[in-house]
């Protein structure tokens, strides 16, 4: 029984690490088109922290974290941070665009699909945030609500 548990633990570790490595390797080549029609080549953000935030319009924790993400983006976008929101499980583009306008979301928003999830990673819960360091390496996957304080603990407080 012990051997079986050790084998399963090892398999889980390998699988998890493979997913992280896949996400790290694709960041440099990833390109996302936002709802405004702007292409975002993630390699262009090398030297900045990059947060990829999965969310949905029906998700209460997603709604709760938006003001912190907007605040961080507005104060750090020209310095050391890029945030891209990816909307999943939506009915229409209009629904997402209206929600973004209502919430005053200033960072780019991309309409999520299976192709994007395959490039970046899947999320068992919403919101989920993928945090990449300035070298383009995935350093954290945060499932659930994320706050400004949590992000600043990882990337540092703005100067």
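In this note's numbering, the protein residues as written are 33 to 191.
Glycine is no exception: its CB is placed at the ideal position from the N, C-alpha and C atoms.
*Can you say whether residue 46 is buried or exposed, counting buried as having 16 or more other CB atoms within 10 angstroms of its CB?*
Any reading at residue 46 is ruled out, since the residue's pLDDT is 36, under 50, leaving its predicted position unreliable.
*Runs of alpha helix (DSSP H) lying entirely within the region 77-156, each at least 4 residues, in chain order*: The qualifying runs are 92-108, 125-134 and 146-152.
*Check whether the Cβ atoms of residue 186 and residue 163 lie closer than 8 Å to each other.*
Contact check for residue 186 against residue 163 passes: the beta carbons are separated by less than 8 Å.
*Just the C-alpha distance for residue 73 and residue 65, rounded to the nearest angstrom, thanks.*
Rounded to whole angstroms, residue 73 to residue 65 spans 9 Å at the Cα level.
_Cβ neighbour criterion (16 or more within 10 Å) applied to residue 75_ = Flag for residue 75 reads exposed.
_Looking at the secondary structure, which residues open and close the beta strand (DSSP E) in which residue 178 lies?_
Residue 178 -> no beta strand (DSSP E), and no H or E assigned at all.
*For residue 174, which beta-bridge partners are listed by DSSP?*
Residue 174 pairs with 161.
*Skipping 5 residues on each side, what residues in its chain have a beta carbon closer than 8 Å to that of residue 71?*
The residues are 63, 64 and 65.
*asked:* Using 8 Å for Cβ pairs, my map puts residue 173 next to residue 160. What's the rounded Cβ distance?
replied: Their Cβ separation, rounded to whole angstroms, is 7 Å, which keeps residue 173 and residue 160 in contact under 8 Å.
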